[in-house]
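Asks:
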Amino acid sequence: MKTNRRSFVGGLSAAAVLSGSRAAFAQKKYDDGATDKEIKIGHTNPYSGPASSYGIIGKAEEAYWKSVNDRGGVNGRQIKFITLDDGYSPPKTVEVVRQLVEQDKVLCTFNTLGTPTNTAIHKYMNQKKVPMLFVATGASKWGNPKEFPWTMGYQPDYHTEAVIYAKHILANVKDAKIGVLMQNDDYGKDYWDGFKEGLGKEVGRVAKHVTYEVTDPTVDSQVIQLKDSGANVFFNISIPKFAAQSMRKAAEIGWRPAQYLNNVSGQVTTTMKPAGFENVQGVITAAWLKDPTDKQWDDDAEMKTWREWMAKYNPNGNLGDVNYVYAYSVSYLMEQTLKKCGDNLTHENLMRQAANHQKLRVPCLLPGITVSTSPTDFYPVQALQLQRFKGETWELFGEVMHAESS
Amino acid sequence: MPAFPKKWLWALLAAAFVVPLLHPLLPDVVSDYRLFLVSTMIIAAIAVLGLNLLTGFNGQISLGHGAFYAVGAYTAAVLMDHLNMPYWATLPSAAIVCFIVGYLFGLPALKLEGHYLALATFALALAVPQILKYKWLEGLTGGVQGIVLSKPEVPFGLPLTEDQWLYYYCLVVMVLLYWAAANILNSRSGRAMMAIRDQYMAADTMGIDTALYKTVTFGISAAYTGIAGALSASAIAFVAPDSFNFFLSIKFLIGLVVGGIGSLAGSVVGGIFYVLVDNSAQALSTFAKNDLGLQFDLSAYTVFGILLIVLMYLMPMGIVGGVYYLARSLYSMRKPQAKEQAALKQRVSS
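Each protein sequence line maps, in turn, to chains A and B.
Heads up, the first sequence is in my numbering, so the first residue is 459 and it goes up one at a time.
Heads up, the second sequence is in my numbering, so the first residue is 8 and it goes up one at a time.
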């Protein structure tokens, strides 16, 4: 075939080269799940079973897309958000995600929740080449564009966060002897590995490492063991229930170490208040989202918008629950990513745009924290700031720390 | 419970083998996703079949068959992951391992009857996911991270998709296991099993070695469920302790009761039912909310529960039992009519 000058000019738009007759529609390109009127997004969440407390994230996201549709959608297209229950059971996740991809033909999945559940569909999504965006888990394995170019995480990973604590301990606590309480699962281990990496040569400073199962009734005996080891630093890798229990117990038995609490349990209402404010003064944690119970954000413009959105679309939602803030922020990022795709709504372009955010300000992230991605950086939020508990709320201190682990 | 008419069985089997080949004609109806769903139904049916051998035919209640399912799945996964064993070779291994585990568990279970046995198996179901996470086993089981596997590849260059192949693979395994179970039940041993269920003391007096039969039945039942687990490991291509929570055991029990206790065909119906209703419950609940304009959230589990209650109320003997009695009562209703008509004819002609 000869390339003449006319088709060369038309070649300015890629579509025109492929089919000259459709040159008029050259800018509009669609894969399954996108049309002139609608974009389909798939989502899985545990609405039943042991992890059903996360169900509100799915409800909040549904509400977010409703608010987007009420505003007129994204570039004139309505969002059809299909959310299915997987009960936090990996085989069920495979089943419902296959339904989303093969029956409902969604453009992408978004914020599918859970580490084991996402692991079960990781390979499948990448074989199908359907974007699996902003998964709701803090495991560090989601940002691996070389092997899994169709999967991207969202929040700062646990590994990075633990490195920050380790560095802070080494720099600030003299003769640190560290006691670690860890939940015995993938989330706990991710923190623990990061922590050991952060300590580096000083890993011998860990005097005692104890674990608990998420089904245990209490962690009292573990806390006593930590105290007996003579540790003067307490690194607490536990979910809110056990974080509150352990900090209360430590105060009860008169153990007063420097305390570092994982971000998972950083909420005032679910952790700090049940632990007793008098028992948790000076506890340090890292944050990246604005806590809705934190008084310093009372007059914050972004949080005001969030509250208005809550009042209109989640009238029964708990205003103190950070999960609503999380859902709001990650949905905003998804909306912006779709907006950037313009009329080119293909799997490939969606992934390209997701990996092309430069210092995007996403509401409800802490001041100074932005979203940046690139074809080699699939970790959208990577910055954290340390905060210390004072009175009845957190007080941010120091600089926003950007993780350099990737 | 009546035996399923042979004619129908063959027709069903033929349909099961032919329908997937209609994919080129009806690509949307016979999609890969649907075949995958049917494969999961078949796997559930095999597990329920195993439970039925124990509970339905031998009268021992188990709330813990999810544990054997997990052991089967992990046996297959570990063999594939560490020893690079081909997926089809893992089935006999899983069966043997589960038979041994089931047999050993059956020994102490001999001392436990009824509710006590139910509780002991319940404990087993709760313990197994924890044991899988145990740090000394972590090198083998992958701990909480589980093991990621590959899906079975289509052999001999057959012109099938992965899902079609998986479907046939599961189907053949189920047919073989069903045939074996039917033969066991139709033999001396099968009659002994049922005699123990119906009248334990009488069976003992008749000279049946009840201890042996009960433990071996436990082993066979566990082996069946273990094979189902191994199949699921291949189908899902991932195993993790979270896949085998306590709900799984309850799910098998629901399938058993709904399908029909003590009926082989009922096990298959039960397996299909569970997957089907579990999937449609959510669709129904969103339908009720969005299309019927229900003001409050009706969770999928609520819908599922309501469906179960209605079903149990209408068909206390399970679906197969219900259909059987329906057919019989229809038949007996028709019969007197036929007699009357014949009598009428006679009168007219005479």
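Note that CB positions come from ideal geometry on N, CA and C, so glycine has one too.
1) Output needed for residue 488(A): all residues of its chain with C-beta closer than 8 Å, excluding positions within five of it in sequence on either side, in chain order.
2) For residue 221(B), count the other beta carbons within 10 Å of its own beta carbon; 16 or more makes it buried, fewer makes it exposed. Which is it?
3) Since I believe residue 594(A) is in contact with residue 569(A) (beta carbons under 8 Å), could you give me their beta-carbon distance rounded to a whole number of angstroms?
4) Taking one C-beta from the region 260-275 of chain B and one from the region 45-62 of chain B each time, how about it: are there three or more such pairs within less than 8 Å?
5) To the nearest angstrom, how far is it from the Cα of residue 530(A) to the Cα of residue 771(A)?
6) Give me the Cα-Cα distance between residue 174(B) and residue 186(B), rounded to the nearest whole angstrom.
7) Can you pull the chain D residues whose beta carbon is under 8 Å from the beta carbon of residue 577(A), in chain order?
8) Apply the 10 Å Cβ neighbour rule to residue 249(B) and answer buried if 16 or more other Cβ atoms are within range, or exposed otherwise.
9) Can you check DSSP and say which residues form a bridge with residue 609(A)?
10) Where does the unbroken alpha helix (DSSP H) through residue 644(A) begin, and where does it stop?
11) CB residue 591(A) to CB residue 730(A), shorter than 8 Å?
12) Could you check what DSSP says for residue 190(B) in three-state terms: helix, strand or coil?
13) Between the C-alpha atoms of residue 290(B) and residue 538(A), what's the straight-line distance to the nearest angstrom?
14) Taking the beta strand (DSSP E) that residue 667(A) belongs to, which residues open and close that run?
15) Whose C-alpha, out of 321(B), 136(B), 270(B), is nearest the C-alpha of residue 252(B)?
16) Going by Cα to Cα distance, which pick from 581(A), 849(A), 703(A), 609(A) is closest to residue 567(A)?
17) Does any residue of chain A have a CB that is nearer than 8 Å to the CB of residue 82(B)?
18) Cα-Cα, which of 216(B), 182(B), 238(B), 81(B) is closest to residue 159(B)?
19) Give the straight-line distance between the Cα atoms of residue 728(A) and residue 845(A), rounded to the nearest whole angstrom.
20) Looking only at C-alpha atoms, which of 327(B), 314(B), 207(B), 182(B) sits nearest to residue 20(B)?
21) Hey, would you say residue 543(A) sits closer than 8 Å to residue 511(A), going by beta carbons?
22) Short of 7 Å in beta carbon distance, which residues of its chain neighbour residue 521(A), apart from the five on each side in sequence? Order them along the chain.
23) Using CA atoms only, rank isn't needed, just tell me which of 821(A), 840(A), 722(A), 706(A) is closest to residue 736(A).
24) How would you write the range of the alpha helix (DSSP H) that residue 851(A) sits in, first residue to last?
25) According to DSSP, which residues form a beta bridge with residue 640(A)?
26) For the candidate residues 601(A), 545(A), 533(A), 494(A), whose alpha-carbon lies nearest to that of residue 831(A)?
27) Where does residue 660(A) fall in DSSP's three states?
28) What's the C-alpha gap between residue 716(A) and residue 795(A)?
29) For residue 588(A) and chain B, any beta-carbon pair shorter than 8 Å?
30) For the region 621-646 of chain A, which residues have a CB atom closer than 8 Å to at least one CB atom of chain B, in sequence order?
31) Do you know whose CA, among 798(A), 636(A), 767(A), 764(A), lies nearest residue 812(A)'s CA?
32) Is residue 317(B) buried or exposed, if buried means 16 or more other CB atoms sit within 10 Å of its CB?
33) Measure the beta-carbon distance from residue 741(A) to residue 787(A) and round it to whole angstroms, keeping in mind my assumption that it falls under 8 Å.
34) Taking the alpha carbon of residue 245(B) as the reference point, which residue from 504(A), 682(A), 753(A), 573(A) has its own alpha carbon closest?
35) Using a Cβ-Cβ cutoff of less than 7 Å, which residues in the same chain neighbour residue 86(B) once the five nearest sequence positions on both sides are dropped?
36) As an exercise, report each continuous alpha helix (DSSP H) stretch of at least 4 residues that is fully enclosed by the region 168-232 of chain B, in chain order.
Replies: On the basis of the supplied data:
1) Take residue 488(A), set aside five residues on each side of it, and the residues of its chain with a beta-carbon closer than 8 Å to its own are 803, 804, in chain order.
2) buried
3) 5 Å
4) yes
5) Computed Cα separation, rounded: 16 Å.
6) Just so you know, the alpha carbons of residue 174(B) and residue 186(B) end up roughly 18 Å apart.
7) Structure shown: chain D not included; protein chains present are A and B.
8) buried
9) 590(A)
10) Its alpha helix (DSSP H) spans residues 644-657.
11) no
12) helix
13) 15 Å
14) 664-670
15) 136(B)
16) 609(A)
17) Residue-level contact check: residue 82(B) does not touch chain A, since none of the beta carbons of chain A fall below 8 Å from its beta carbon.
18) 238(B)
19) 17 Å
20) 182(B)
21) no
22) 771, 772
23) 706(A)
24) For residue 851(A), no alpha helix (DSSP H) encloses it; the enclosing beta strand (DSSP E) starts and ends at 851-860.
25) 669(A), 695(A)
26) 601(A)
27) In the structure shown, residue 660(A) sits in a helix (DSSP, three-state: H, G or I).
28) 41 Å
29) Taking Cβ atoms only, chain B never reaches closer than 8 Å to residue 588(A), which makes this a no.
30) 642, 643, 644
31) Considering only alpha carbons, the answer is 798(A).
32) exposed
33) Contact doesn't hold; Cβ gap of about 24 Å is too wide.
34) 573(A)
35) 92, 97, 100
36) 169-192, 195-205, 207-212
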